[in-house]
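Protein chains in written order, with our numbering: chain D, 0 to 467; chain E, 0 to 467.
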């Protein structure tokens with residue numbers, strides 16, 4: 000036991016300093032099991048002050064530290080490197096809901112609270128916390144904030160950034176910045192909150208936040224529309240936005256191939272149409288009034304879309320079970336493609352108006368260079384965010400296909416860049432996209448980012464090797 | 000003509016380098032005519048590149064520069080000090096609307112575009128740009144962004160920060176950072192956009208932005224409710240939010256004394272009630288469906304509020320003229336209090352749930368120390384933002400009253416601080432609140448702000464003396 004670890008034990012209690020390999024294992028491997036790092040220890044502070052004390056020790060002993068929430072990230076942002084020099088600082092024990100204020104519509108939570116716990120606490124108080132994503136049963140709000148997580152509610156409610164009014168952060172020097180303000184308006188200086196949000200723990204560590212709550216909708220309705228092209232889906236989006244305004248809370252595109260994969264691997268999940276179409280959109284309306292009213296709105300959208308020839312078929316869920324059934328189709332795409340075999344994922348966004356052209360052009364480029372590759376294209380069309388994933392041609396081995404990964408990424412991300420898009424719409428950079436992003440950001444922007452990193456974390460101890 | 004100014008002429012053309020006192024006058028005095036500074040020159044670049052060239056010259060010759068939009072700010076943030084050392088860099092000529100994309104719902108505008116011009120261009124394209132505030136005919140979007148302006152649409156659409164997807168900024172070193180992305184989701188590094196937004200030109204100068212547009216509502220309805228207390232107004236807010244969700248786009252509190260002043264100085268504006276009440280709320284609904292539907296929603300809110308005894312009277316505007324009439328009452332409060340004489344203004348916010356207590360406690364403290372002072376309390380209750388203004392007792396001279404200004408500010412702002420609020424909700428710090436804010440921010444926060452300023456503007460040339 001080194002002096003550093005002795006002092007950590009003194010600061011937070013020996014029981015919360017894990018050095019045993021078995022105890023540390025879950026903290027050292029990433030969610031998709033693609034990388035395993037090493038660490039001196041996993042530290043589990045119980046309060047912001049204990050967290051700050053650990054950061055001060057890291058400063059004194061020059062130990063790099065990796066903040067970690069639920070460790071569900073997809074870009075290797077929350078695991079240490081293989082040097083074994085770092086410690087993981089896990090927020091597991093920072094898991095109190097500190098306050099709920101239903102008049103101010105805010106909830107104050109600690110970083111280690113699991114997203115689903117927060118959703119449930121809000122619902123029990125008669126409010127909605129709208130952040131929702133696949134990992135919600137395991138991910139923590141600290142991680143959601145540090146990666147500015149997206150998910151399925153962004154169209155109406157924004158990214159995690161837009162759901163946060165205030166933060167408590169332990170700085171790289173081990174001081175607690177208490178910015179837990181529950182205010183909608185505050186123009187008294189630089190926006191430190193948004194600087195720490197999305198910084199992936201490289202500028203400081205989030206320990207608590209004030210989150211925004213919303214009224215619970217009275218009714219939620221789901222429908223599935225069938226159409227020919229992504230451009231038709233965009234026209235449907237315009238119709239739905241004009242007719243429903245903020246009541247439109249979900250708008251997910253799924254290509255036919257996505258649902259073929261779902262049908263193949265989950266035959267119990269069935270499309271509500273007799274024949275296949277090239278594209279589908281899952282719409283969700285959330286109504287503050289009544290189910291009847293939601294139904295009327297949805298019917299009016301579908302009627303106009305059918306009349307204009309934008310869609311050629313539609314199914315409206317008439318029960319919560321049917322609604323869940325439609326969402327299941329969407330939610331099983333990732334599982335179905337994993338069951339099918341290897342695939343190369345891209346979490347990209349482009350301006351919504353350019354989505355049709357982007358898909359057409361990029362599909363063409365990929366077919367030229369990798370003939371027969373199969374596109375698993377789906378995602379949050381209403382946000383311009385696609386999971387633009389590539390599966391191997393039918394008879395190619397996974398190994399041969401994965402050997403082309405870098406070349407495929409290059410084709411896709413170069414195209415995204417030409418369309419004015421982002422190569423990481425909702426997952427962050429971590430270590431996975433850290434090198435790649437340098438091709439797409441200007442020197443001015445990279446230099447501004449480095450200047451900020453250097454200023455706030457001059458010793459470079461905060462989650463080193465991530466983002467920059 | 001100094002060598003510096005010669006070079007400025009060479010960079011942007013002699014016609015755009017103003018040194019004549021008469022030409023410069025409008026740029027040196029603030030909107031409320033409380034302060035007149037001095038400058039070497041007023042510079043009017045025509046492009047971002049010209050702006051950058053000027054900033055590089057300022058670097059070379061160590062000349063401080065004051066970015067200026069419509070110069071309508073209320074905290075002395077856009078005028079130079081009296082030393083005469085600085086130049087004003089006016090965005091007047093950066094006034095192109097570069098693009099409108101109705102499918103992506105974005106508009107790309109230069110910093111010098113007047114807010115009203117942007118609102119009109121959006122409306123002509125069948126879209127809404129929802130930022131709206133008193134100075135909209137003169138203020139520019141660059142100023143709105145640099146101060147993160149609020150206004151009457153924040154409840155539904157957020158502050159200027161939430162209305163911006165991308166920025167173009169000239170850095171303190173005179174480089175152009177082009178971050179004009181029109182993306183709803185982009186998690187590729189630090190949030191530079193939000194760092195420059197609200198920084199009041201002290202970290203760099205905004206030259207262009209990508210703004211979010213929204214569908215035009217089909218109908219807007221306004222109503223006025225009469226109630227006893229601010230707490231009743233909060234209950235009405237909860238009822239309206241539960242019933243109307245995002246359709247509730249305005250919620251403005253006005254005390255009886257505010258409307259007495261309006262009635263006294265603008266007798267043509269009349270309250271639609273036979274008898275006065277202690278408090279009033281102006282509600283606005285924006286409906287994506289129809290006027291009929293908006294009417295039904297509004298009626299349901301008012302019926303519930305009357306049944307619960309939350310309000311005792313209500314008037315619903317049945318025409319656009321009547322709606323304008325109700326908004327006129329709200330909009331004439333500032334003019335009426337100015338006509339009445341001097342008053343001491345506070346642009347404050349507290350958590351919405353604490354507004355009732357804040358008003359009660361702070362009114363009491365002021366009456367104790369300044370007996371007879373009259374409260375002109377109104378504002379954006381739905382955002383927790385009050386214009387909590389103090390008028391002198393009836394027979395006190397303006398001079399005697401203004402002598403107490405610092406003491407009155409101290410009482411109000413100390414109380415705001417105890418209630419977890421902000422002493423500048425929507426106007427910024429400028430030079431006016433720069434010293435005062437140091438009492439209310441922690442050393443950690445002030446130190447983080449200074450670190451960022453020092454890192455991005457090491458020569459301290461960007462709008463010196465403002466914010467920090």
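Even glycine gets a Cβ: it sits at the ideal position worked out from N, Cα and C.
### Message
Let me make sure I understand the geometry here. Which of 24(D), 49(D) and 355(D) has the alpha-carbon closest to that of residue 12(D)?
### Response
Closest by alpha carbon: 49(D).
### Task
Mind the definition here: the region 394–413 of chain E touches the region 324–344 of chain E only if three or more C-beta pairs lie below 8 Å; say whether that holds.
Cβ pair count under 8 Å is three or more, so yes.
#### Entry: beta strand (DSSP E) runs contained entirely in the region 239–272 of chain E, provided each spans 3 or more residues
Assignment of beta strand (DSSP E) within the region 239–272 of chain E, counting only whole runs of 3 or more residues, yields 247–254 in chain order.
### Query
Fully enclosed by the region 100–124 of chain D, which beta strand (DSSP E) runs are 3 residues long or longer?
Those beta strand (DSSP E) runs which fall completely within the region 100–124 of chain D and span 3+ residues are 105–109.
### Query
Leaving out the 5 sequence neighbours to the left and right, which residues in its chain are closer than 6 Å to residue 357(D) when beta-carbon positions are compared?
Result list for residue 357(D): 349 and 418, in chain order.
### Query
How long is the line joining the alpha carbons of residue 412(E) and residue 76(E), rounded to whole angstroms?
Each residue's CA atom was taken as its position, placing residue 412(E) and residue 76(E) some 20 Å apart.
### Task
Look at the Cβ atom of residue 87(D), then the Cβ atom of residue 65(D), and state whether they are nearer than 8 Å.
Yes, the Cβ-Cβ distance between residue 87(D) and residue 65(D) is below 8 Å.
### Message
At a CB distance below 7 Å, what residues from the region 332–363 of chain D approach chain E? Give them in sequence order.
### Response
For the region 332–363 of chain D, the set of positions with a beta-carbon nearer than 7 Å to some beta-carbon of chain E reads 348, 350, 351 and 352 in chain order.
### 7 Å Cβ cut-off: residues of chain E touching residue 243(D)
What residue 243(D) touches in chain E: 287.
### Message
Please report the distance separating the alpha-carbon of residue 334(E) from that of residue 428(D).
### Response
Approximately 51 Å, taken between the alpha carbons.
### Query
Where residue 168(D) and residue 203(D) are concerned, what is the direct C-alpha to C-alpha distance, given to the nearest angstrom?
Residue 168(D) and residue 203(D): Cα-Cα distance of roughly 6 Å.
### Query
Taking only beta-carbon atoms, is residue 198(D) less than 8 Å away from chain E?
Yes, residue 198(D) counts as interfacial toward chain E.
#### Entry: 8 Å contact criterion, which residue 489(E) and residue 173(E) should meet: CB distance rounded
What is shown of chain E runs 0 to 467, which leaves residue 489(E) out entirely.
### Task
Specify whether the region 434–443 of chain D and the region 370–390 of chain D touch according to this definition: at least 3 beta carbon pairs, one from each stretch, less than 8 Å apart.
Three or more Cβ pairs closer than 8 Å define a contact, and the region 434–443 of chain D falls short of that threshold against the region 370–390 of chain D.
### Query
Based on the DSSP output, what are the partners of residue 386(D) in its beta bridges?
In the DSSP output, where bridge partners are listed per residue, residue 386(D) has 346(D) and 377(D).
### Query
Does the ligand GDP have a heavy atom nearer than 7 Å to the CB of residue 228(E)?
The ligand GDP is absent from the structure shown, which contains no ligands of any kind.
#### Entry: residue 37(E) to residue 85(E) span [Cα, whole Å]
Distance between the alpha carbons of residue 37(E) and residue 85(E): 8 Å.
### Task
Take residue 468(D) and list the residues in its own chain whose beta-carbon comes closer than 6 Å to its own, dropping the five residues that flank it on each side.
Residue 468(D) is absent from the structure shown; chain D starts at 0 and stops at 467.
### Task
With DSSP collapsed to three states, give me the class of residue 167(D).
Correct three-state label for residue 167(D): strand.
### Query
Among 23(E), 90(E), 438(E) and 426(E), which one has its Cα closest to the Cα of residue 346(E)?
Of the listed residues, the one whose Cα sits closest to residue 346(E) is 426(E).
### Query
Cα-Cα, which of 126(E), 157(E) and 115(E) is closest to residue 141(E)?
Nearest to residue 141(E) by C-alpha distance, out of 126(E), 157(E) and 115(E), is 115(E).
### Task
Spell out whether any CB of chain E is found under 8 Å from the CB atom of residue 294(D).
At least 8 Å separates the CB of residue 294(D) from every CB of chain E.
### Query
Is it right to say residue 323(D) is buried, meaning 16 or more other beta carbons lie within 10 angstroms of its own, or is it exposed?
Its Cβ having fewer than 16 others within 10 Å, residue 323(D) is exposed.
### Query
Considering residue 50(E), what are the terminal residues of the beta strand (DSSP E) in which it resides?
Residue range 47–60 is occupied by the alpha helix (DSSP H) that includes residue 50(E), with no beta strand (DSSP E) assigned at that position.
### Query
Which residues, taken in chain order from the region 168–185 of chain D, show a beta carbon closer than 8 Å to some beta carbon of chain E?
Cβ contacts with chain E come from 170, 174, 175, 176, 177, 178, 180, 181, 182, 183, 184 and 185.
### Message
Determine, for residue 384(E), whether the minimum Cβ-Cβ distance to residues of chain D falls below 8 Å.
### Response
Chain D, which has a Cβ nearer than 8 Å to the Cβ of residue 384(E), makes this yes.
### Query
Which of helix, strand or coil does DSSP assign to residue 176(D)?
Of the three classes helix, strand and coil, the one that applies to residue 176(D) here is strand, per DSSP.
#### Entry: Simplified DSSP assignment, three categories, for residue 196(D)
Coil at residue 196(D), not helix or strand.
### Query
Shortest alpha-carbon distance to residue 256(D) belongs to which of 89(D), 47(D) and 336(D)?
Among 89(D), 47(D) and 336(D), the Cα nearest to that of residue 256(D) is on 336(D).
#### Entry: Identified DSSP bridge partners for residue 219(D)
Listed as beta-bridge partners of residue 219(D) by DSSP are 285(D).
#### Entry: Contacts of residue 260(D) in chain E (Cβ-Cβ under 7 Å)
Taking the beta carbon of residue 260(D) as reference, no residue of chain E falls within 7 Å; the closest one sits roughly 24 Å away.
### Task
Give the single residue among 381(D), 380(D), 383(D) and 405(D) whose Cα lies nearest to the Cα of residue 389(D).
Cα-wise, what sits closest to residue 389(D) is 405(D).
### Message
If we define contact as Cβ-Cβ less than 8 Å, is residue 146(E) a contact residue for chain D?
### Response
Cβ-Cβ to chain D under 8 Å: yes for residue 146(E).
### Test item: CB-CB of residue 93(D) and residue 44(D) under 8 Å
Contact: yes.
### Spatially closest choice to residue 281(D) from 181(D), 249(D) and 448(D), by CA coordinates
The residue with the shortest Cα to Cα distance from residue 281(D) is 249(D).
### Query
Taking Cβ-Cβ distances shorter than 7 Å, what residues in chain E pair up with residue 422(D)?
The contacting residues are 187.
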